[in-house]
Structure formats: C-alpha cells, structure tokens
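Numbering-wise, the sequence shown is residues 1 to 113 according to the UniProt record's numbering. Take a look at the structure below.
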Amino acid sequence: MTYVSARGIAALLACATINLSPITASADDGKLALGKEIFLERSEPQCALCHTLADAEAVGEVGPNLDELAPDAERVSTAVINGIGPMPANEALTEEEIEAVALYVSTVAGKAE
C-alpha cells in the first residue's frame, strides 16, 4: 500500500510540475516579433529613427541609446503612451502593440552580442 501511495504521489507531483514554457515561449516569440516590427516599421515616427538598439540594427542619435538605458517594459510603455522629452506620445498604437514593443525593447535592450 505504501509503495502505491508513494508512486501515486510521485505521478501527481510530476503532473503538477509539467513545464508549459514552450507554450509561453511561443506566445512571447510572436509578441517579440510584433514588437520588433513596430519598433522598425509600424510606429509613427519609427522608433528606430531616434533610438539605438543593436538587436534591431538601429543607430538613432536623437533619443537615448536603449542598449545603454536597458528600460523595463513599464518604462517603455509609459514613454510610448505619454511621450517623454522631445519624444511625442504615440496615440496610434493599440494597447496590444504598446505591450509588444515594450516587451521587445525590455527583452533585447543591452543583450545583443
């Protein structure tokens, strides 16, 4: 009886710790790709015109170098929504697009090799 119980508990624990990372990673990969597209092309003005970000091969000289700044997603979202300094607020992007570009920048900034 003890053997069966221990085995049952082990099976239960194995099921409880199944790693769902590939599902999350796949969703994040799609959001990262969208974020990169927005950074390079879909934002008006394009983020890459002003900001340096190695992953995007962007070498802007007006705004801060995002690789050096390495902002978190919240900081990027706030800057996109409200504008900051000479950077205007971006009223054309949807909430999903803002989340995607914020995730992209916060994930890749300062991490390119």
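Here a beta-carbon is modelled for each residue, glycine too, at the ideal position from N, C-alpha and C. The structure displayed is predicted, hence computed values, not measured ones.
C-alpha of E91 to C-alpha of V76: approximately 14 Å in a straight line.
For the pair A109 and L69, the CB atoms are nearer than the 8 Å cut-off. Rounded to the nearest angstrom, the gap between the Cα atoms of D72 and C47 is 16 Å. Taking the Cβ atoms as the reference, L93 lies roughly 7 Å from I38, within the contact range of under 8 Å. Each residue's CA atom was taken as its position, placing D67 and K111 some 7 Å apart.
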